[in-house]
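The structure appears below as structure tokens.
Residue numbers (the working numbering), protein chains in the order written: chain R, 134 to 529; chain B, 6 to 320; chain F, 721 to 822.
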């Protein structure tokens, strides 16, 4: 680009944490109702939104709820009445609102929620890992895991379009602390353009006195199954919507991300699959270091975790000798170690593919992850380590 | 209260709570539902907590509700209604809500209000939402088969406070939910009974009008034949006796001032006009085990409560 | 009669027809049936007020009962009446009689 364009782009960029980026996205999206409740490390999202509202920059109602269970319940109520809503939480808050997660997807409401991922009690930890997000696995929410502040901004905006098209709630998660509280340059869109990208749409499941419907009915065995299956189907077909919205966003605003991101996978023998900014950042660096050591390394970033993009992932793993998944959560008592490793292993099995792998657990409770650790994983893969769980960084 | 309905002939005719619902024969809360929906009218959104009135009226694909209706979960009706209220206000400002001034009413039972729903109720009251919260009180978790709640009175039999050799019914007294609500300094809160339909309907209308200023609250006594253990034709009689014995006083908290309603005001002025508590207690199976001494204890509590309310009313 | 399939059901388990509970004829529940003896009815509206099912219908017309002219008559919709007996119990003139369901 020309110097003038570069300067213009720089002027429109702000130094923002991922949390603030999320707040700016909410402002651009003309959200109507925001439920506000503090919990580390999401609090600065709602603080920023409160500043926008109190300064008259965002025309939204803030509901200062008395718990996270009420936070999600309030936005579910508001969404049921047809409003565009937002809330944010982490860890214990996400656990407290757990039953309402299922209700939001069951009622097919387009709720958007930001979750800077944080470890779950006990013991209590305010630090980042993905155990809270991974615990929402079967709740029927579309779930993104972003890896940069810019991506958080872009994804929260995309989330509204995806939610309102698929009629499913959407979670945008990212690293607690490592992203929520670190500053990166974020290019902001023209807000009018964002509103044009997110037109208001009619849907059948909305409370209106002129057309009274009952939402949240009691379904006996003759009906429950079909209603829940609709959620499963909607989730599966939402992958197409996610891709389309991302492409449309790219056309409108010049940035898009896809569903998975790959680095040097074209000729890779060994692949590391990671999610979030810190883990994928390390994996990316480690690929280059490993390559210099003669290992044909590649990295894959999972941007959309639910619905699980099995087809796209399997295509990348087709030519690979072995893979490792870096999970920042432990799936306790499971046959696989880490939750996304289990997803990948199942996808391979269902796809009839036999590619061996390693489940690597790292970054638990924000235990530091070093690039050397990821290089070591490539070495382990090359040395034939297979089919076991590796607890990286643990003082065993 | 605003007297909108002076006589029985002023009461609205249109039914907005359809027949065919699965509530028990003689269900007290069902009577309340008919009158809540009638007086609120069609420009109303109902947010219902899990409970008898939710499960018996929304068995998919049948609904008794002829108003827009939302059920989320057990403890969060007030939180969900807060969201509905905020949504309507913001969308109205943005020109996206085209139904005008829509009422938002929460309907919840005693389980969903005294116990599991207390937190979200308190939050909603504190935040000042423009919502009318109606508590239909059948004094136990009836939907799950008669278990004690914070609204169950002392000595009552329930399945979790059975009358046994060591302990005879519920040990604790009924929580003062009106006291809790009044502590939030809401514009209006009142008690009502399904036996006094005109009084109840006027209070609903008044409470709805005051939602302009903030949250309002109604506590309606709604007897349950299987739960209180009496024949189902005596439901209205049970509610009437609850009021006439002073067990369930009728009063309003109106902008900080408490006002007793008849017949409670009458029995405070002249204690001879209060029926003996025994008349309310003895025909109910849940109190059949009470000794005269225990009835005397409960009667003392009733009298003390009336004196307390009378003192508050004089402030 | 086969039940609707996945794609024949509205999303989110919403019930789109208000008052669809009327398909459920609860009249089959009762063992006692209320009969309104019109000649004893003073049109006080109490039964109509208290019925938990809303089955008592008020019809307008010209009715002469015991020499008095009334503009209303009350009839029970037996499709829904559950036979609870509240109407009979509350009626001030004992105009409603509960009889065994045939």
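Beta carbons are placed, not taken as given, at the ideal position from N, Cα and C, and that holds for glycine.
Burial check for residue 465 of chain R: the Cβ neighbour count within 10 Å stays below 16, so the residue is exposed.
Among the residues of chain B, none has a CB under 7 Å from the CB of residue 758 of chain F; the nearest is roughly 19 Å distant. Within chain B, no residue has its CB atom less than 7 Å from the CB of residue 182 of chain R, the nearest being about 14 Å off.
Close to chain R, meaning a Cβ-Cβ distance shorter than 8 Å, are the following residues of the stretch 724 to 740 of chain F: 724, 725, 726, 729, 730, 731, 732, 733, 734, 735, 736 and 738. For residue 24 of chain B, the closest Cβ of chain F is nearer than 7 Å. The DSSP assignment places complete alpha helix (DSSP H) segments of no fewer than 4 residues inside the stretch 70 to 110 of chain B at 82 to 98, in order along the chain.
A Cβ-Cβ distance of about 5 Å is found for the pair residue 25 of chain B and residue 742 of chain F, placing them in contact under the 8 Å criterion. By the Cβ test, the stretch 512 to 519 of chain R is not in contact with the stretch 315 to 331 of chain R, since fewer than three Cβ pairs between them sit closer than 8 Å. The beta carbon of residue 205 of chain R sits closer than 6 Å to the beta carbons of 230 and 233 from its chain, once the five residues preceding and following it are set aside; these are given in chain order.
From the listed residues B:178, B:210, B:179 and B:160, the smallest Cα separation to residue 171 of chain B is found for B:160. Interface flag for residue 185 of chain B against chain R is unset, since no Cβ pair is found closer than 7 Å.
From the beta-carbon of residue 356 of chain R, the residues of chain B found nearer than 8 Å are 65 and 66. At a cut-off of 7 Å, the C-beta of residue 244 of chain B has no neighbouring C-beta in chain F. Checking the DSSP bridge columns, you'll see residue 64 of chain B partnered with R:351. Between the beta-carbon of residue 221 of chain R and that of residue 246 of chain R there is about 6 Å, and that keeps the pair under the 8 Å contact cut.
Among the residues of chain R, none has a CB under 9 Å from the CB of residue 34 of chain B; the nearest is roughly 16 Å distant.
The Cβ atoms of residue 767 of chain F and residue 776 of chain F sit closer than 7 Å to each other. Residues 250, 251 and 272 of the same chain have their beta carbon placed closer than 7 Å to that of residue 279 of chain B, with the five preceding and five following residues left out of the count. In the DSSP assignment, residue 279 of chain R is bridged to no other residue. Taking 7 Å as the cut-off, the beta carbon of residue 347 of chain R is found no closer than this to the beta carbon of residue 119 of chain B.
Between residue 209 of chain R and residue 88 of chain B a beta carbon distance of about 7 Å is seen, short of the 8 Å cut, so the two are scored as contacting.
In the structure shown, the three-state DSSP call for residue 235 of chain R is helix.
Among the bridge pairs identified by DSSP, residue 152 of chain B is matched with B:146. In this structure, the CA atom of residue 139 of chain R is about 10 Å from the CA atom of residue 145 of chain R. Secondary-structure assignment with DSSP links residue 818 of chain F through a beta bridge to F:754. Close CB contacts of residue 504 of chain R within its chain, under the 8 Å cut and outside five residues either way in sequence, are with 415, 418, 419 and 422 (chain order). Per DSSP, residue 434 of chain R is not a residue of any alpha helix (DSSP H); the beta strand (DSSP E) it occupies stretches across 430 to 435. Neighbours of residue 238 of chain B in chain F, taken as residues at a C-beta separation under 7 Å, are given in chain order as 804, 805, 806, 808 and 809.
In chain order, 262, 411, 412, 461 and 502 place their CB closer than 7 Å to the CB of residue 496 of chain R, counting only its own chain and leaving out the 5 sequence neighbours on each side. Going by beta carbons, residue 309 of chain R and residue 249 of chain R fall inside the 7 Å limit. Contact between residue 142 of chain B and residue 225 of chain B is confirmed by a C-beta separation of about 6 Å, below the 8 Å threshold.
Here the stretch 123 to 137 of chain B makes contact with the stretch 211 to 222 of chain B; the two share three or more CB pairs at distances below 8 Å.
Using a CB distance cut-off of 7 Å, residue 30 of chain B counts as an interface residue toward chain F. The Cβ neighbour count for residue 177 of chain B, taken over all protein chains shown within 10 Å, is under 16; the residue is labelled exposed. In this chain, the beta strand (DSSP E) harbouring residue 318 of chain R covers 316 to 320. Assigned with DSSP and collapsed to three states, residue 441 of chain R falls in coil, not helix or strand.
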